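In my numbering, the protein residues as written are 217 to 846. Before any comments, here is the structure.
Structure representation (structure tokens):
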């Protein structure tokens, strides 16, 4: 229970994942209109006759029902309980091979591996079913009718909840299919029965074909969000190495075990290892699939540790192990409750219930969108797509977090078009002219896009509050919206700045990530408004000293505002930590030039030239790179 408590606490966090709102909107649609076959949400996809295979339709429906019945806080608590229960059931699949202590440590480590991306969603509902399936499967080496009937029922339910249902027949095949003729035939028949009942879903075999295409078609393998929009700008945190430890512990039984391994657990461990090595963007699935094998690995490690002695004394007696485990669990709880873990890795969530403020469009921003004519076509990014669908039912949007549906080519064209490439922008407008564009300020390119659009007479920025930027095309239809609302978001941004100014930097419980102020600073920086970004970044760094991107941007802003001594200090700090980043050396050289230190400037430029000669040459000719941490 102590290990499961860590999973529960990590799950009790404010909502920051845009995918959560997509699931809620899909669940509402299913409850009112039935299971979809064509996409009902995007005006961009409407003309393409896009088929939408909703692989986790029942999870979305459950999510919506629970949210409506219990409210968002109640839904979050129930989700945390379900994931904890599911994790316990999954790790209990090795209860005959690993002690309760081993299982608790596996759950604790699994909690840390899953922590970056925990959120109410399909994995939460699939985990208990998966755990029950593995637990029943672990109790029989050759199926019997009662066991097979239970497994078939669990497999049918699992298929409606999550694409992870494919693990069921694979695990059974590993356990049941053996070389002898009778066993092989019996095992093959049971496996085929399990595989056959997966066809009992609203889409039949089309579900399997779609999932296969997602796994094999590189154009559909799109990951749109990770820990947070700011995560990559933070110093690497040591907890990232826990995924490596997870891999090592999964490998230990394969190397050290003298007994035959539980074969039905091998496929899950293989998938978990693949996710951790190939693309660590699905940590929840990786953590759940690998739990049983990690428990076995911990069992082997602790068993050997009990044999280690120093002068006849056991090096790690049981009391010491229990004490150490208790201290680790206590430290985990403190890291969660105080928000220190989230702040260290650059996560925008915080311990608690509800929605994280400052990450999704405000009611004031949505009011402007609702005032637009119904036929208006809104251009938005996927980050806001799910939230817009949830908050504005019946209104279609441009794009949303279903990356596999849109594909890599779409997002590539979108970002090139927004970034100023004329051909890509023309292609976007030829298919559907935007009446309005909503940009999340946390997106790194928002400042540049706003700057480019405002250089033309066609667009006007009508709202910016540090969370969202809303631009309207200058048309007669939009004129009323431009004139009707007096507040342009400045009051909301000012309130957010004052909150950060009044927040003590050193407190036991760290406040939530200052999203609005950080995002506003990035937008101003990218738009070339260095005086404004120069005034905000010190507030950000007072709260987030590990945000290396803020060191860099503030250093550049100081160069632009002529504060060369401050710029040198910041950029030296940055290049000491990131010596392989060319841009840091370039701006440091610029700061040295301003300070009248030509020798130091020459040395900095020489260092940059060794890393990237072309970028250095362009920079010295006046072609400055974007002032954002790479």
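Even glycine gets a Cβ: it sits at the ideal position worked out from N, Cα and C. These figures come from a predicted structure and were not determined experimentally.
Open item on the list: Whole angstroms are fine: how far does the CA of residue 520 sit from the CA of residue 852?
Closed with: Outside the displayed span of the chain (217 to 846) sits residue 852, for which this structure offers no information.
TODO: Say whether the region 320-329 touches the region 368-385, bearing in mind that this needs 3 or more beta-carbon pairs closer than 8 Å, one atom from each stretch.
DONE: At 8 Å Cβ cutoff, the stretches do not touch.
Task: DSSP bridge partner residues for residue 676 (one or two, in chain order) - done: Residue mapping note: residue 676 aligns to position 460 of the chain shown, counting from 1. Residue 676 is bridged to 688.
TODO: Determine contact between the region 285-305 and the region 244-253, defined as no fewer than three beta-carbon pairs at a distance below 8 Å.
DONE: Output reads no: the region 244-253 does not touch the region 285-305.
Task: Residue range of the unbroken beta strand (DSSP E) whose run includes residue 594 - done: Taking the first residue of the chain shown as 1, we reach residue 594 at position 378. For residue 594, the uninterrupted beta strand (DSSP E) run begins and ends at 594-596, by DSSP.
Open item on the list: Residues in the same chain with beta-carbon distance under 6 Å from residue 487, minus the five sequence neighbours each way, listed in chain order, please.
Closed with: On the chain shown, residue 487 is found 271 positions in, with the first residue counted as 1. The residues 505, in chain order, have a CB closer than 6 Å to that of residue 487 in the same chain once the five nearest residues on each side in sequence are set aside.
TODO: Classify residue 483 as buried or exposed, calling it buried when 16 or more other Cβ atoms lie within 10 Å of its own Cβ.
DONE: Residue mapping note: residue 483 aligns to position 267 of the chain shown, counting from 1. Buried, because 16 or more other Cβ atoms sit within 10 Å of the Cβ of residue 483.
Task: residue 700 versus residue 260: straight-line alpha-carbon distance, rounded - done: Here the question's residue 700 lines up with position 484 in the chain shown. Here the question's residue 260 lines up with position 44 in the chain shown. Near 29 Å, if we compare the C-alpha coordinates of residue 260 and residue 700.
TODO: Mind checking which residues open and close the alpha helix (DSSP H) that includes residue 502?
DONE: For the purposes of this step, residue 502 is taken as the residue at position 286 of the chain shown. Start and end: 499-521.
Open item on the list: Could you check whether the region 586-601 touches the region 556-568, counting it as contact only if at least three pairs of C-beta atoms, one from each stretch, sit closer than 8 Å?
Closed with: Short answer: they don't touch.
TODO: Decide if the region 773-783 is in contact with the region 689-696; the criterion is three or more beta carbon pairs, one per stretch, under 8 Å apart.
DONE: As far as the Cβ criterion goes, the region 773-783 does not touch the region 689-696, which means the pair count is below three.
Open item on the list: Quick check on this structure: which residue in 840, 794, 830 has the alpha carbon closest to the alpha carbon of residue 803?
Closed with: For the purposes of this step, residue 803 is identified with residue 587 of the chain shown, where counting begins at 1. Nearest C-alpha to residue 803: 840.
TODO: Starting from residue 639, follow its DSSP beta bridges and name the residues at the other end.
DONE: What you label residue 639 is simply residue 423 of the chain shown in a count that begins at 1. Answer by DSSP bridge pairing: none, since residue 639 is not bridged.
Open item on the list: Do residue 500 and residue 333 have their beta-carbon atoms positioned less than 7 Å apart in this structure?
Closed with: Taking the chain shown and counting its residues from 1, the one referred to as residue 333 is at position 117. Taking the chain shown and counting its residues from 1, the one referred to as residue 500 is at position 284. Yes; because the gap between Cβ atoms is below 7 Å, this pair is in contact.
Open item on the list: Which complete alpha helix (DSSP H) runs does the region 535-567 hold, if anything under 4 residues is left out?
Closed with: Considered as a whole, the region 535-567 harbours 556-561 as its complete alpha helix (DSSP H) runs of no fewer than 4 residues, in chain order.
Task: Rounded straight-line distance, which links the Cα of residue 600 to that of residue 376 - done: Here residue 376 is taken as the residue at index 160 of the chain shown, counted from 1. Here residue 600 is taken as the residue at index 384 of the chain shown, counted from 1. Between residue 376 and residue 600, the C-alpha separation is close to 27 Å.
TODO: Whole angstroms is fine: what's the gap from residue 319's alpha carbon to residue 219's?
DONE: Counted from its first residue, the chain shown places residue 319 at position 103. Counted from its first residue, the chain shown places residue 219 at position 3. Across the structure, residue 319 and residue 219 are spaced so that their CA atoms are roughly 8 Å apart.
Open item on the list: Please state the DSSP three-state secondary structure of residue 797.
Closed with: Along the chain shown, one-based indexing puts residue 797 at 581. DSSP places residue 797 in coil when its eight states are reduced to three.
TODO: Grab me the residues of residue 307's own chain with a C-beta within less than 7 Å of its C-beta, minus the 5 sequence neighbours each way, in chain order.
DONE: Stepping through the chain shown from its first residue, residue 307 is reached at position 91. If we look at residue 307 and ignore the five residues flanking it on each side, its Cβ neighbours are 319, 322, 323, 507, 508, 511.
Open item on the list: I need the DSSP call for residue 279, collapsed to helix, strand or coil.
Closed with: The count along the chain shown starts at 1 and reaches residue 279 at position 63. If DSSP states are grouped into helix, strand and coil, residue 279 belongs with the helices.
Task: Assigned exposure category for residue 254 - 16 Cβ within 10 Å defines buried - done: To locate residue 254, count along the chain shown from 1; it is residue 38. Residue 254 should be labelled exposed.
Task: CB-CB length for residue 305 against residue 357, believed under 8 Å - done: For the purposes of this step, residue 305 is identified with residue 89 of the chain shown, where counting begins at 1. For the purposes of this step, residue 357 is identified with residue 141 of the chain shown, where counting begins at 1. A Cβ-Cβ separation of about 20 Å leaves residue 305 out of contact with residue 357 under the 8 Å criterion.
Open item on the list: If you follow the beta strand (DSSP E) that residue 339 is in, where does it begin and where does it stop?
Closed with: Within the chain shown, numbered from 1, the residue matching residue 339 stands at position 123. Looking at the DSSP string, residue 339 is not in any beta strand (DSSP E); the run it does join, the alpha helix (DSSP H), is 338-353.
TODO: Would you grab the beta carbon distance between residue 231 and residue 572 for me? Rounded to a whole angstrom, and I think it's under 8 Å.
DONE: The residue you call residue 231 lines up with position 15 of the chain shown. The residue you call residue 572 lines up with position 356 of the chain shown. Between the beta-carbon of residue 231 and that of residue 572 there is about 6 Å, and that keeps the pair under the 8 Å contact cut.
TODO: Measure from the alpha carbon of residue 389 to the alpha carbon of each residue in 734, 481, 233, then state which is nearest.
DONE: Your numbering for residue 389 matches position 173 in the chain shown. Taking each of 734, 481, 233 in turn and checking the Cα distance to residue 389, the smallest one comes out for 481.
- [ ] Assign residue 358 to one of three DSSP states: helix, strand, or coil.
- [x] Along the chain shown, read from residue 1 onward, the residue named residue 358 stands at position 142. The DSSP-derived three-state label of residue 358 is coil.
TODO: Quick one: residues in its chain with C-beta nearer than 6 Å to the C-beta of residue 502, no 5 flanking neighbours on either side, listed in chain order?
DONE: Position 286 of the chain shown, counted from the first residue, corresponds to residue 502. The answer, listed in chain order, is 488, 491, 492.
Open item on the list: If I measure Cβ to Cβ from residue 820 and keep anything under 7 Å in the same chain, skipping five residues before and after, which residues do I get?
Closed with: Residue mapping note: residue 820 aligns to position 604 of the chain shown, counting from 1. Hits under 7 Å: 801, 804, 805, 808.
Task: Assigned secondary structure, residue 584 (DSSP; H/G/I helix, E/B strand, else coil) - done: Walking along the chain shown from the start, residue 584 turns up at place 368. Three-state DSSP puts residue 584 in a helix.
Task: Reduced DSSP secondary structure (H/G/I, E/B, other) of residue 217 - done: Counting from one through the chain shown, the residue named residue 217 turns up at place 1. Residue 217: coil per DSSP, three-state reduction.
TODO: Between the Cα of residue 340 and those of 703, 315, 291, spot the shortest distance and give me the residue it belongs to.
DONE: As a working mapping, residue 340 is identified with position 124 in the chain shown. Ranking the options by Cα distance to residue 340, first place goes to 291.
- [ ] Within its chain, find whatever has a CB closer than 8 Å to the CB of residue 364; leave out the 5 residues flanking it on each side and keep chain order.
- [x] For this step, residue 364 is matched to residue 148 along the chain shown. Excluding positions up to five away in sequence, the list reads 406, 409.
TODO: Quick one: using the 10 Å Cβ neighbour count with 16 as the cut-off for buried, is residue 673 buried or exposed?
DONE: Residue mapping note: residue 673 aligns to position 457 of the chain shown, counting from 1. Only exposed fits residue 673, as fewer than 16 other CB atoms lie within 10 angstroms of its CB.
TODO: Note down, in chain order, each residue of its chain lying with its Cβ closer than 6 Å to the Cβ of residue 472, except the 5 sequence neighbours on either side.
DONE: The residue given as residue 472 occupies position 256 in the chain shown. Result list for residue 472: 516, in chain order.
Task: residue 750 in three-state terms, based on DSSP - done: Position 534 of the chain shown, counting from 1, holds the residue named residue 750. Of the three classes helix, strand and coil, the one that applies to residue 750 here is helix, per DSSP.
Open item on the list: If you reduce the DSSP assignment to three classes, tell me which class residue 443 lands in.
Closed with: Numbered from 1 along the chain shown, position 227 holds the residue referred to as residue 443. Coil at residue 443, not helix or strand.
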